[in-house]
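Report on one structure; see the data block that follows.
Here it is in structure tokens:
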């Protein structure tokens with residue numbers, strides 16, 4: 005499979021090259037509450053704060069951690085949300101552009117069926133242990149069976165990418181803003197299949213840069229990069245991506261951009277997981 009992928013990268017149309025280092029230790033997540041970090045995103049309100057959450061089996065909460073040490077800064081319980089299989093988290097503007105929000109994807113298949121629900125909360129004004137209310141709920145149905153990637157662009161538009169098995173292609177789908185708070189699952193049919201072939205069950209996470217012009221998708225063994233200069237994701241996602249340097253992890257499913265675009269973070273599931281930062285060169 006590696007030989008096949010290498011051939012594709014050599015002869016397919018590559019995106020504009022981006023350079024990052026191989027990653028360095030930014031911190032360690034030592035909190036006993038965080039043992040299956042499945043997603044990560046960078047706060048748009050609080051400097052050097054990242055949000056993460058556990059995989060299936062936890063309750064309706066997310067965690068704020070330090071981007072410089074990995075220490076837990078607070079636990080945020082989300083009133084009105086249910087946790088079946090939370091798989092990814094994204095930070096960005098609230099839908100409509102009013103303030104900053106955090107989006108959580110209950111989209112995985114670990115609990116015997118996909119909930120296919122996105123929860124939106126407003127970022128709290130301060131970081132500490134607290135409870136907040138759901139600001140919006142988006143429920144969708146599609147022709148895919150698993151999803152571990154949730155993306156939000158600078159306009160507050162939401163995208164998901166299906167997780168597929170060996171030899172298949174994940175599907176990139178835009179979720180319409182009109183689907184928020186409809187109290188039923190909205191069918192989404194359009195989408196673009198990724199040009200990369202899954203070498204294992206993937207992708208397992210992703211993030212759109214705060215500028216909206218760069219996109220990352222993560223598998224267990226790679227971080228893939230797309231340049232999206234006009235923020236037309238569907239038009240560019242079919243281009244072959246660049247494979248970035250990546251510090252191998254035990255079961256790394258979480259990736260996000262630093263707010264200033266100077267690099268990206270990765271975090272693995274497991275106790276005492278290392279937070280890595282890959283700096284732009």
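In the numbering used here, the protein residues as written are 5 to 285. Built from N, CA and C at the ideal position, the CB exists for glycine as well. If you're wondering where the values come from, they're calculated on a predicted model, not measured in any experiment.
Since residue i and residue j should fall inside the 8 Å C-beta cutoff, what is the C-beta to C-beta distance between them, to a whole number of angstroms?
{"i": "residue 271", "j": "residue 111", "result": "The pair is not a contact, with the Cβ atoms about 19 Å apart (cut-off 8 Å)."}
{"i": "residue 282", "j": "residue 25", "result": "6 Å"}
{"i": "residue 125", "j": "residue 106", "result": "5 Å"}
{"i": "residue 192", "j": "residue 177", "result": "6 Å"}
What does the alpha-carbon distance come out to for the pair residue i and residue j?
{"i": "residue 13", "j": "residue 137", "result": "The predicted position of residue 13 is uncertain, since its pLDDT is 36 and thus under 50; a value taken from the coordinates is nonetheless stated next. Cα-Cα distance, rounded: 45 Å."}
{"i": "residue 133", "j": "residue 236", "result": "38 Å"}
{"i": "residue 190", "j": "residue 217", "result": "28 Å"}
{"i": "residue 141", "j": "residue 30", "result": "33 Å"}
{"i": "residue 81", "j": "residue 60", "result": "15 Å"}
{"i": "residue 203", "j": "residue 27", "result": "23 Å"}
{"i": "residue 87", "j": "residue 62", "result": "7 Å"}
{"i": "residue 268", "j": "residue 139", "result": "27 Å"}
{"i": "residue 15", "j": "residue 171", "result": "Interpretation of residue 15 is limited by its pLDDT of 34, a score under 50 that renders its predicted location unreliable; no figure is taken from the coordinates."}
{"i": "residue 97", "j": "residue 158", "result": "6 Å"}
{"i": "residue 8", "j": "residue 223", "result": "Note on residue 8: pLDDT 31, under 50, position unreliable in the model; the coordinate value appears next. Cα-Cα distance, rounded: 16 Å."}
{"i": "residue 161", "j": "residue 46", "result": "17 Å"}
{"i": "residue 206", "j": "residue 74", "result": "26 Å"}
{"i": "residue 22", "j": "residue 220", "result": "12 Å"}
{"i": "residue 259", "j": "residue 43", "result": "7 Å"}
{"i": "residue 5", "j": "residue 230", "result": "With a pLDDT of 33 at residue 5, under the threshold of 50, the predicted position of this residue should be treated as unreliable, and no value is reported."}
Assign residue i to one of two classes, buried (16 or more other C-beta atoms within 10 Å of its C-beta) or exposed (fewer than that).
{"i": "residue 90", "result": "buried"}
{"i": "residue 285", "result": "exposed"}
{"i": "residue 64", "result": "buried"}
{"i": "residue 277", "result": "buried"}
{"i": "residue 279", "result": "buried"}
{"i": "residue 186", "result": "exposed"}
{"i": "residue 147", "result": "exposed"}
Residue i bridges to which residues according to DSSP?
{"i": "residue 43", "result": "57"}
{"i": "residue 75", "result": "According to DSSP, residue 75 bridges with nothing at all."}
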